[in-house]
Amino acid sequence: MDSLYGKTLFITGASRGIGKAIALRAAEDGANIVIAAKTSQPHPRLPGTIHTAAQEIEDAGGRALPLVMDVRNAEAVEAAVAQAVAHFGGIDILVNNASAISLTGTLDTPVKRFDLMMDVNLRGTWLASRTCLPHLLRAENPHILVLSPPLNLEPRWLAPHPAYTTSKYGMSLCMLGLAEEFRERGVAVNALWPRTVIATAAIDLLPDVDPAACRRPEIVADAAHWILTRPSRDVSGNFYIDEAVLAQAGVTDFDRYAVDPAREPLLDLFLD
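Residues in the sequence shown are numbered consecutively from 7, following this note's numbering.
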């Protein structure tokens, strides 16, 4: 299988950035996309809403269902999943993309921000997975993809921003647990992380990052597409890196993903 035609993807945080890029790549195949995100009205600083994303997805050849959903709210997640199943007849793929970030030290991280990162990143991943799993278990080739990093326990990745690192590593640990728990039942659960910094709105939160030294979200989307079209029983419990995935798929030209091909791309967080 090399196409997501007719598959239904439930993507958290798909109104912009990497989530939207994954949605658009699947839409090119003729997939059904559930855009489960909070932004229904234009944000003063961030581009895109669930409705503008839905239009782009349909223009790309897919079918879209925009749903207002806060991944922290269990009732909202359950209602969104129920709507998705009623509308498209099931769920084949869950992409846990929604994430909160604050690259701050302990004394500079408000408790509310700590709670936000834990609720969105770790709890949201577990909650969305738990809610979608009964439907994934009925799918032909079910996948859960988590946008989280490999577990790099070098202290230099923990000391500068312990709260954020812990929340993202929590997503990665959740992936490992779900992968093993549902391995015999055929649900693939994997993590995907970019090798280089990606040019999304989040780079405004990274110190001293020049957007020209970043890659575009499409590199992550193409890597996700390759993973999600593999047989689910053959790939599970992996920490994938986008560039390595695409190299395995035969891609040799990575300049096409660069914001500025003349610049050396910056290595992303958590990678040595």
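Beta carbons: idealized from backbone N, C-alpha and C, even for Gly.
Quantities reported herein were computed from a predicted structural model and do not represent experimental measurements.
- Message: In this structure, how does DSSP classify I41 when only helix, strand and coil are distinguished?
- Response: Strand, per DSSP.
- With respect to the alpha helix (DSSP H) encompassing V117, which residues constitute its N-terminal and C-terminal limits? Per DSSP, V117 belongs to the alpha helix (DSSP H) from V117 to M123.
- Query: Is the segment 199 to 208 close to the segment 135 to 142, with three or more CB pairs under 8 angstroms?
  - Reply: As far as the Cβ criterion goes, the segment 199 to 208 does not touch the segment 135 to 142, which means the pair count is below three.
- Query: Thinking just about the alpha-carbon of each residue, which of P217, V152, N158 and Q254 is nearest to the one in I28?
  - Reply: It is V152 whose Cα lies nearest to the Cα of I28.
- Straight-line CA distance for N147 to G36? Linking N147 to G36 through their CA atoms gives a straight-line distance of about 16 angstroms.
- Message: I need the DSSP call for L184, collapsed to helix, strand or coil.
- Response: It is helical.
- Message: Let's see if you can read the secondary structure: which residues bound the alpha helix (DSSP H) around W132?
- Response: Boundaries of the alpha helix (DSSP H) around W132: G130 to L142.
- Query: Tell me, which residues are paired with T18 by DSSP?
  - Reply: Beta-bridge partners assigned by DSSP to T18: A42.
- Item | Segment limits, beta strand (DSSP E) that includes I204 | That residue, I204, is in no beta strand (DSSP E); it is neither H nor E in DSSP.
- Query: Should the segment 222 to 231 be called in touch with the segment 253 to 263, which here means at least 3 C-beta pairs below 8 angstroms?
  - Reply: Counting Cβ pairs under 8 angstroms, three or more are found: they touch.
- Item | DSSP-derived helix/strand/coil call for A113 | Residue identity differs from the one stated: residue 113 is Leu in this sequence, not Ala. Helix.
- Cβ shell of P48 (< 7 angstroms), same chain only, five flanking positions each side left out: Take P48, set aside five residues on each side of it, and the residues of its chain with a beta-carbon closer than 7 angstroms to its own are T55, in chain order.
- Query: Of all Cβ atoms in chain C, is any one closer than 8 angstroms to the Cβ of K13?
  - Reply: The chain inventory of the structure shown lacks chain C, comprising one protein chain alone.
- Reference F120; option with closest CA among T18, R239, S105 and G68: If we check each option's Cα against that of F120, S105 comes out closest.
- Query: Is it the case that the Cβ atoms of I17 and A42 are separated by a distance below 8 angstroms?
  - Reply: Taking 8 angstroms as the Cβ cut-off, I17 and A42 qualify as a contacting pair.
- Message: Mapping the DSSP letters down to three states, classify I99 as helix, strand or coil.
- Response: In the structure shown, I99 falls within a strand segment according to DSSP collapsed to helix, strand and coil.
- Out of N38, E186 and S108, point me to the one whose CA is closest to L212's CA. Nearest neighbour of L212 by Cα position, chosen from N38, E186 and S108, turns out to be S108.
- Message: According to DSSP, L30 sits in a beta bridge with which residue or residues?
- Response: Per DSSP, L30 has no beta-bridge partner at all.
- Comparing alpha-carbon positions, which option in D240, C220, A165 and A134 lies nearest N79? Among D240, C220, A165 and A134, the Cα nearest to that of N79 belongs to A134.
- What does DSSP give as the partner residues of R69 in its beta bridges? For R69, which the question treats as bridged, DSSP gives the partners N38.
- Query: Should N103 and A20 be called a contact, given that it needs their Cβ atoms to be closer than 8 angstroms?
  - Reply: Their beta carbons are under 8 angstroms apart, which means N103 touches A20 by this criterion.
- Simplified DSSP assignment, three categories, for H231: Three-state result, H231: helix.
- Item | Extent of the continuous alpha helix (DSSP H) run through L252 | Residue range D248 to Q254 is occupied by the alpha helix (DSSP H) that includes L252.
- Query: Residues bridged to V152 by DSSP?
  - Reply: N102 and A197.
- Query: Contact between the segment 156 to 168 and the segment 76 to 96: three or more CB pairs below 8 angstroms?
  - Reply: Fewer than three Cβ pairs drawn from the segment 156 to 168 and the segment 76 to 96 lie within less than 8 angstroms of each other, which leaves the two stretches out of contact.
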